[in-house]
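Taking it in order: structure first as structure tokens, then the write-up.
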Amino acid sequence: MEYKEYKEYIQREFQYITKDNILFWNLWNISYPFDVLATYKEAYPEEYTLFSEMYFSCWEMLYQVDEKREVLVSIFEQTYPFVIDEQGEIINPKNILQQKYESYDDEILPELCILLLIGRFDEIYKGIKQKAERYGERAINAPMEVISYIIASYKWGYLFDNMDKSIVRDEVNAQMKLVKTLQTPRLFSLEDRNIFRNK
């Protein structure tokens, strides 16, 4: 399958994910960089702790978002929103994620994961706070960016030229199965965070 064909398929099928499964879709995609960052948690303990609280709170309240919205929002607001001035500087940084945001280097794997997680959790925060029916259309970028980094580290070239490599093929197949599965009501849990992946 070509990269363009895969992206178009996900974008099309994403529209049919049920409202109750939207948070799971986001968490499943976040799990890829989160699991990578977990292997570096000794080097990034503060970042890992902040992400862990958001991550595991979302799993705990997966099907209670409406009832627990205020609790979730208060957890997320330890980090979000990022308030940026006209020069692009973060005003009154709340914690290490805001303090170090500009200095994280996407050429270093755990820091790439931190940047991806900041972006993905921001989308979840906005989705929950605004009571959005649908959010996370670009959530697939999180695992694919990590895979792109790995491919580049092996000097294999670009992701779209390596769709036949097992690391890419496995993730693409998992995403395609998941996006279809989430179109019908079904209950998931933390144990399903890597469902369909070869992990």
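No gaps in the numbering here: position 153 of the sequence shown is 175 in the working numbering, and each next residue is one more.
Beta carbons: idealized from backbone N, C-alpha and C, even for Gly.
Under DSSP, the alpha helix (DSSP H) around residue i begins and ends at which residues?
i: V87; result: V87 to F98
i: P67; result: P67 to E82
i: K122; result: Segment: none, K122 is in no alpha helix (DSSP H) and carries neither H nor E.
i: N220; result: Counting along the chain, N220 falls outside any alpha helix (DSSP H), and DSSP gives it neither H nor E.
i: E35; result: Y25 to F36
i: V251; result: Outside the shown range of the chain (23 to 221) lies residue 251, about which nothing can therefore be said.
Below 7 Å, is the gap between the Cβ of residue i and the nearest heavy atom of the ligand MN?
i: Y66; result: Among the ligands in the structure shown, none appear at all, so the ligand MN cannot be discussed.
Can you check which of these residues, the options, is closest to residue i by C-alpha distance?
i: A154; options: E35, R34, L45 and Y28; result: L45
i: L134; options: A60, E82 and L49; result: A60
i: L72; options: E89, R91, E99 and K151; result: E99
i: I52; options: I130, A164 and E27; result: A164
i: K29; options: S188, I189, L181 and K187; result: L181
i: L138; options: L49, P55 and E24; result: P55
i: E69; options: K41, E89, N117 and G179; result: N117
i: D88; options: D42, Q109, D127 and Y126; result: D42
i: E82; options: R142, N195, V168 and L212; result: L212
i: Y66; options: D186, L119 and M166; result: L119
Using C-beta distances below 6 Å, list every residue in its chain close to residue i, excluding the 5 sequence neighbours before and after it, in chain order.
i: Y222; result: Lying outside 23 to 221, the shown extent of the chain, residue 222 is not represented and no answer is given.
i: Y62; result: P132
Cutting at 7 Å between CB atoms, please list the residues of its own chain near residue i, excluding the five before and the five after it.
i: F36; result: E159 and V201
i: K199; result: F218
i: K151; result: V95
Near residue i, what residues of its chain come up, given a Cβ to Cβ distance below 8 Å and the 5 sequence neighbours on each side ignored?
i: I39; result: W47, R156, V201, L204 and Q205
- Message: Which complete alpha helix (DSSP H) runs does the region 188-215 hold, if anything under 4 residues is left out?
- Response: 188-203, all fully within the region 188-215.
- Output the residue ranges of the alpha helix (DSSP H) runs that lie fully inside the region 121-170 and measure 4 residues or longer, sorted by chain position. 131-151, all fully within the region 121-170.
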